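K.L.:
Residues in the sequence shown are numbered consecutively from 80, following my numbering. One structure, pasted below without further comment.
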Amino acid sequence: MKDNLQFKVSAELKNILGRDLITSPDIAILELVKNSYDAHASKVEITFDDDYITIADNGKGMSKDDLINKWLFVAYSAKSDGTEDTSYRSKFKRHYAGAKGIGRMSCDRLARNLVLTTRSVDSDKTEVLYVDWRSFEVSKHSEFDTINIPHETIDTNLSFPLASPTGTILKFTDLHLLWSREDIKRLRQSLEKMINPFSGTDDDFTIEIIAPKMKEEDKKVSSQYDVINGVIENSIADVLKLKTTQIESRIQNGKIYTILKDRGITMYEIEEAMQVPKRSAIKECPSPRDADVLDA
Numbered sequence: 080m081k082d083n084l085q086f087k088v089s090a091e092l093k094n095i096l097g098r099d100l101i102t103s104p105d106i107a108i109l110e111l112v113k114n115s116y117d118a119h120a121s122k123v124e125i126t127f128d129d130d131y132i133t134i135a136d137n138g139k140g141m142s143k144d145d146l147i148n149k150w151l152f153v154a155y156s157a158k159s160d161g162t163e164d165t166s167y168r169s170k171f172k173r174h175y176a177g178a179k180g181i182g183r184m185s186c187d188r189l190a191r192n193l194v195l196t197t198r199s200v201d202s203d204k205t206e207v208l209y210v211d212w213r214s215f216e217v218s219k220h221s222e223f224d225t226i227n228i229p230h231e232t233i234d235t236n237l238s239f240p241l242a243s244p245t246g247t248i249l250k251f252t253d254l255h256l257l258w259s260r261e262d263i264k265r266l267r268q269s270l271e272k273m274i275n276p277f278s279g280t281d282d283d284f285t286i287e288i289i290a291p292k293m294k295e296e297d298k299k300v301s302s303q304y305d306v307i308n309g310v311i312e313n314s315i316a317d318v319l320k321l322k323t324t325q326i327e328s329r330i331q332n333g334k335i336y337t338i339l340k341d342r343g344i345t346m347y348e349i350e351e352a353m354q355v356p357k358r359s360a361i362k363e364c365p366s367p368r369d370a371d372v373l374d375a
C-alpha cells in the first residue's frame, strides 16, 4: 500500500533559526533594523536600559492579518515573492535589505521575552504579541506550530518615532546580555553600514541610540566616536575627505579656477583666463569620412 507522508517540525527549529544562526546580539539587532528599513521607516530608536531593550520604528506597521500570515509564518517572505505592498514601496524607492523571512527569529538571540506592539497604516487598532521563547524549549518533541503565542487587539493610541501614528515597537526583557558601553559602541559601528553617508536623497534613514544611564559618561569622552547616545552617522564621507586627494575645478566669469587638495588641505590653487577659439580657427569637416585626414 502506498500513501503520502509529511514532515513534522520540532520546536527546536526556534534555536536553529535563532540562536544558532544569529551568532551575536549585534547581528540580531542589525537584522531587526533591516526589517524596520524594509517597512519603510525613516527613523529607528534603540533604547538600552538595565533590564530591557526597545527597538521602535515609524514604518508602515502590521495588521493582525500581517502578524498571522507574515510575521508568524516562519521563513515566508512577502518581499521575495513580490507581494510586499508594492504600491506603498514605490513611494520610497528602496531596495530590500532582507528577504529570507527569518530576521524575526533574531529576537530569541536578545532575550527570553518579547512584546511586539504594532499599528498598521490600514488599521485603527493596535496589535500586541507576547512571545516567551522558553515555551519552545519545554520539549524537543513539541511541534513548532502547536506553541501558542498570546495576542490581543487594543484601542490604545501609541506614538511611534517622529510622532508617527504607525510603526512597530519591540520590547525585550529578561535579556541574555547585560550590554556594556563597549558592546553598544561596537553595535553603533555595525549600524553605520545602514546609513547613507551621502544623505540628502529621498532615501533618508535615521537610527538613534538612547541610553539614559550613559549620558553622563558621554560628557566626559574626548572623541565624538566614543559617544553612545545620539543619531548614528556614517563617517566614511569624512574619512574620504581626510584621506584622499581631490581636484576641484570650476568656470566662473570667463575664468577657470582649479584647486588641488590633499587630505583636506589646499596644496595648490590656480586661476586662468578661459581661452575660447575663434570661429575662423575651427576647421569644418566636409564629411565624416574626411575627419581623419584633416590637418591639425
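Note that CB positions come from ideal geometry on N, CA and C, so glycine has one too. If you're wondering where the values come from, they're calculated on a predicted model, not measured in any experiment.
1) Does the pairing of the stretch 205-217 with the stretch 254-272 give three or more beta-carbon distances under 8 Å?
2) Span of the beta strand (DSSP E) holding Asn114?
3) What three-state label does DSSP hand Asn148 in the structure shown?
4) Look up Glu124 in the DSSP assignment and say whether it is helix, strand or coil.
5) CA-CA distance, Ile349 and Lys272?
6) Return the chain-ordered list of same chain residues with a C-beta closer than 8 Å to the C-beta of Thr232, the five sequence neighbours on each side being excluded.
7) In angstroms with no decimal places, state the Cα-to-Cα distance between Gly140 and Leu195.
8) In whole angstroms, what is the alpha-carbon distance linking Phe223 and Asp297?
9) Can you check which of these residues, Asn332, Ile106 and Gly138, is closest to Asp283 by C-alpha distance?
10) Cβ of Asp338 within 7 Å of Cβ of Glu327?
11) Go ahead and label Pro291 buried or exposed: buried means 16 or more other beta carbons lie within 10 angstroms of its beta carbon, across all protein chains shown.
12) Under the rule that 16 or more other beta-carbon atoms within 10 Å means buried, what is Thr245, buried or exposed?
13) So, does the CB of Pro104 fall closer than 7 Å to a CB anywhere in chain D?
14) Return the first residue and the last residue of the alpha helix (DSSP H) that Ile263 is part of.
15) Hey, Gly97 and Arg188: beta-carbon distance below 7 Å or not?
16) To which residues of the same chain is Ile181 closer than 8 Å at the C-beta, ignoring the five residues directly before and after it?
17) Can you give me the C-alpha to C-alpha distance between Asp253 and Glu124, rounded to a whole angstrom?
18) My output table needs one value for Leu208: the three-state DSSP class, helix, strand or coil.
19) Using DSSP with H/G/I as helix, E/B as strand and the rest coil, what is Leu241?
20) What would DSSP say about Phe58, mapped onto helix, strand or coil?
21) What would DSSP say about Gln85, mapped onto helix, strand or coil?
22) Please report the distance separating the alpha-carbon of Ser121 from that of Ala135.
P.N.:
According to the structure data:
1) no
2) Segment Pro104 to Asp117 is the alpha helix (DSSP H) holding Asn114; no beta strand (DSSP E) there.
3) helix
4) strand
5) 38 Å
6) Lys143, Lys204, Thr205, Glu206 and Val207
7) 11 Å
8) 44 Å
9) Gly138
10) It should be pointed out that residue 338 corresponds to Ile in this sequence rather than to Asp. Result yes, Cβ atoms of Ile338 and Glu327 sit closer than 7 Å.
11) exposed
12) buried
13) The question asks about chain D, but that chain is absent: this structure has only one protein chain.
14) Arg260 to Leu270
15) yes
16) Leu96, Leu100, Val153 and Ala154
17) 20 Å
18) strand
19) helix
20) The shown model of the chain, from 80 to 375, leaves out residue 58, and the question about it has no answer.
21) coil
22) 11 Å
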